[in-house]
Amino acid sequence: CRTANMSDGEQPNGHSHCQQLLLGASEAIPIVAGQLLLGQWQRLFLVELDRGREREVVVQLVGE
Numbered sequence: 002c003r004t005a006n007m008s009d010g011e012q013p014n015g016h017s018h019c020q021q022l023l024l025g026a027s028e029a030i031p032i033v034a035g036q037l038l039l040g041q042w043q044r045l046f047l048v049e050l051d052r053g054r055e056r057e058v059v060v061q062l063v064g065e
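Right, here's the structure in full:
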């Protein structure tokens, strides 16, 4: 774990950045007739890769 050249209060969280590369940070999910259009085996989930803290989730609707 890196401890050199860190700012005061900086968390050693490089592992979180590497995990995010595999999972991604955003998705486009179609909504039809007010329902998420997911396939039979598809699910939507949020996962915390770093330490737990208050987060903000932003939902942007695009369309007609």
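Residue numbers (my numbering): 2 to 65. Backbone N, C-alpha and C fix where the C-beta goes; we use that ideal spot for every residue, glycine too.
Inter-residue distance for I32 and F46 is about 16 Å (C-alpha atoms, whole angstroms). Distances from the alpha-carbon of V60 to those of E49, L24, Q43, E28 put E28 closest.
Taking 9 Å as the cut-off, the beta carbon of R56 is found no closer than this to the beta carbon of E65.
Note on geometry: alpha-carbon atoms of L38 and V58 lie some 20 Å from one another.
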